[in-house]
Amino acid sequence: MSRVDIDAVVVGAGFAGMYTLHRLLQDNFKVRSFEAGDDVGGTWYWNRYPGARCDVQSMEYSYTFDDDLQQAWEWTERYAPQPEILSYANHVADRYELRPHITFGTRVVSAHYNEESSFWILSTDGGETLTSQFLIMATGCLSSMNTPDFKGIDSFKGETYHTGQWPQEGVDFTGKRVGVIGTGSSGIQSIPIIAEEADHLTVFQRTANFSVPAHNQLLDEEFIEDIKATYPEFRANNRQMMAGFGSRNERHEDSVLDADETLIQERLEANWQRGGLGFLGAFGDIVIKKEANASVAEFVRNKIREQVVDPKVAELLCPDQVIGCKRLCVDTNYYKTFNRDDVSLVDVKEHPIDEITEKGVVTNGKEYQFDAIVFATGYDAMTGSLLKVDIRGRKGQTLQDKWAAGPRTYLGLSTYGFPNMFTISGPGSPSVLTNMIVSIEQHVNWIRDCLMYMRSNQHQAIEAELDAEDYWVVLANDIAGQTLFKSCNSWYLGANVPGKPRVFMPFIGGLPTYAEICDDVAQDNYRGFTVE
Ligand code: NA7
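The structure is reproduced here in structure tokens:
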């Protein structure tokens with residue numbers, strides 16, 4: 000086979016896939032996208048569970064590349080609910096006429112690199128085979144569901160749901176006995192709403208999580224106008240933030256350890272009242288030094304104790320790990336939900352779930368009977384969706400083999416042995432530690448420039464060098480080692496999926512530094528890449 004059908008295949012039509020498509024079409028690349036869902040939106044297409052919301056504020060969690068778009072779109076709430084984010088994704092697809100280029104309801108099942116001709120041969124579950132010079136994996140970081148392999152899981156006779164693949168038509172829990180397994184962000188967002196509907200809700204908690212209030216509210220016109228009047232400047236300032244958002248938030252770089260108790264309490268209380276992820280910006284070393292972290296964690300534990308009436312339940316809800324090392328959650332009425340008579344909390348840390356039966360969940364010798372079980376058990380994050388595709392690079396090496404001990408990339412964009420393949424917000428890039436849309440745009444722009452460079456120089460193939468990749472893996476690991484992020488069992492580390500290698504996957508050096516490195520690599524004729 001020596002004929003190449005198209006320039007690029009983009010796998011996925013979430014925010015990463017859509018922008019890649021748009022950007023490459025603008026430059027007249029011949030490009031096609033494949034999307035497993037029946038429509039655009041990616042993670043926001045699948046995650047329709049009650050209470051699903053972004054934890055980055057709506058005026059920031061949106062594309063920045065077109066001022067007309069950001070002026071035209073009207074967000075209604077401080078934190079956009081899933082349906083509004085999905086409407087936005089649809090608006091983007093229509094506005095830039097992306098749909099004709101996307102094959103929906105279709106998965107790319109294999110992608111094999113042909114060394115002789117320097118292109119990828121892809122096949123889909125729709126039976127199509129095609130060749131493409133570039134393969135761009137925009138498969139998302141939280142798109143491959145993790146459902147634990149509980150004994151007897153298929154024997155349950157009631158309804159089962161996973162928050163990451165919620166039915167489009169919604170679910171009515173009225174009058175039902177519901178069990179929710181998992182207290183990460185999806186559990187914390189959905190539990191208060193399911194509790195309102197269900198006859199009785201039982202929450203199975205393995206690890207208590209820290210959550211700060213969202214103080215979600217309708218956006219007022221004045222605020223929207225104020226942001227829109229200076230949107231480009233606001234976006235530019237956000238790009239200079241470590242996480243790509245929050246330039247208007249109050250942020251302090253001094254140490255908790257240098258502050259007296261009054262200042263610590265004042266700052267934390269002010270941030271608690273403001274709500275949101277900015278809470279951790281009260282001091283500069285909260286996720287760096289254990290002693291600094293301890294007083295902040297205790298502040299939140301005290302807030303939990305204030306909200307939860309039963310002291311035993313309150314203590315169970317108090318996390319014992321470092322705050323911030325598992326992703327901080329942002330909630331509406333989570334802890335107070337446990338004051339309801341029709342909500343109970345079951346600790347499955349000491350006594351894990353033994354099995355799922357026809358009737359419900361068994362732990363510690365007791366069977367809890369349900370009409371419905373909700374798995375809020377998270378994702379095989381960052382690598383799950385990449386490794387599900389049978390990707391084979393040079394010499395037929397599979398990506399599964401290459402990443403058997405954990406993902407290895409150069410810049411989180413590319414991996415040695417797999418020429419002409421790029422990952423958007425892949426492991427080794429800031430991705431999930433940042434405002435995803437800002438990181439997506441940075442990656443897509445870099446890839447687009449790279450493809451333009453390849454085209455104008457009539458290059459066939461570009462591949463990360465092994466040395467460059469080794470350097471990047473060590474650097475990313477070293478930086479993570481200077482923080483507290485490796486100290487708990489988070490999905491950042493793959494610790495939530497049994498058997499997954501324990502490697503801290505995102506690059507934690509901050510978006511501005513990372514973007515500067517990427518730009519520098521490009522300007523230096525793609526240093527660390529071999530170009531043919
Ligand atoms: P998370 O944050 O990975 O949460 C999954 C939850 O499911 C978490 O509480 C897990 O406990 C729990 N879990 C997983 N496996 C089991 C078993 N076997 N038994 C009991 N409990 C289990 O996923 P989310 O969907 O909530 O959030 C993902 C991200 O989406 C979030 O961080 C935001 O960025 C948006 P564990 O903590 O592993 O002990």
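Numbering (numbering that gives the first Met the number 0) for the sequence shown: 0 to 531.
Cβ coordinates follow ideal geometry from the N, Cα and C atoms, glycine included.
No experiment lies behind these values; they were computed from the predicted model shown.
Counting along the chain, no alpha helix (DSSP H) covers Asp-4, and no H or E run does either. Placement of the Cβ of Asn-444 at a distance of 7 Å or more from every heavy atom of the ligand NA7 is found.
The beta carbon of Val-496 sits closer than 6 Å to those of Asn-145 and Asp-379, all from its chain and outside the five residues before and after it, given in chain order. The straight-line gap separating the alpha-carbon atoms of Ala-404 and Gly-383 is approximately 14 Å. By the criterion of a C-beta distance shorter than 8 Å, Tyr-62 is surrounded in its chain by Phe-14, Tyr-18, Leu-68, Gln-69, Val-91, Ile-436 and Glu-440, once the five residues flanking it on both sides are discounted.
Between the alpha carbons of Ala-228 and Arg-234 lies a distance of about 12 Å. When secondary structure is reduced to three states using DSSP, Asn-524 falls in the coil class, being assigned neither helix nor strand. Thr-336 is positioned such that its CB atom lies closer than 8 Å to that of Val-342.
Partner residues in the beta bridge of Lys-365, as assigned by DSSP, are Thr-362. Under the three-state reduction of DSSP, Leu-267 is assigned to helix.
For Val-473 and Val-431, the gap between their C-alpha atoms comes out near 19 Å. In the DSSP assignment, the residues bridged to Thr-159 are Ile-372. Of the residues assessed, Arg-238 falls on the buried side of the cut-off, its CB having 16 or more other CB atoms within 10 angstroms. Under the three-pair Cβ rule at 8 Å, the segment 199-211 counts as touching the segment 311-325. By the neighbour-count definition (other C-beta atoms within 10 Å, threshold 16), Gln-481 is an exposed residue.
If you look at Cys-328, you'll find it in the beta strand (DSSP E) that goes 328-330.
A straight-line Cα-Cα distance of about 9 Å links Ile-192 and Thr-331.
No heavy atom of the ligand NA7 is found nearer than 7 Å to the CB of Phe-282. Sixteen is the threshold: since fewer than 16 other Cβ atoms of the shown chains lie within 10 Å of the Cβ of Pro-99, the residue is exposed. Only residues of its own chain outside the window of five on either side were considered, and among them Gly-16, Thr-19, Leu-20, Ser-32, Ile-135 and Ala-137 have a CB closer than 6 Å to the CB of Val-9, listed in chain order. Residue Gln-25 holds the alpha-carbon nearest to the alpha-carbon of Met-451 among Gly-178, Gln-25, Asp-400 and Asp-219. When secondary structure is reduced to three states using DSSP, Met-504 falls in the coil class, being assigned neither helix nor strand.
The Cβ atoms of Phe-528 and Glu-468 do not sit closer than 8 Å to each other. Between Glu-349 and the set Asn-338, Gly-364, Lys-358 and Ile-355, the nearest pair of CA atoms involves Gly-364. Setting aside the 5 residues that flank it on each side, Asp-448 is surrounded in the same chain by Ala-521, each with a C-beta closer than 7 Å to its C-beta; the list follows chain order. For the 8 Å CB-CB criterion, Gly-50 and Gln-264 do not form a contact. The three-state secondary structure of Trp-119, taken from DSSP, is strand. The continuous stretches of alpha helix (DSSP H) do not include His-111, which lies in the beta strand (DSSP E) extending over residues 107-113. Within 7 Å of the C-beta of Thr-376 there is at least one heavy atom belonging to the ligand NA7. Under a 10 Å Cβ-count criterion, Gln-81 is classified as buried, with 16 or more other Cβ atoms of the shown protein chains found around its own Cβ. Annotation for Ile-180 indicates a beta carbon within 7 Å of some heavy atom of the ligand NA7.
Look at Arg-238 here: in three-state DSSP terms it is helix. DSSP places Leu-483 in the coil class of the three-state scheme, outside both helix and strand. If you compare the alpha carbons of Arg-77, Glu-59, Trp-471 and Lys-325 with that of Leu-483, the shortest gap goes to Lys-325. For Gly-245, the CB stays at least 7 Å from every heavy atom of the ligand NA7. Between the segment 271-279 and the segment 168-181, the count of Cβ pairs shorter than 8 Å is below three; the stretches do not touch.
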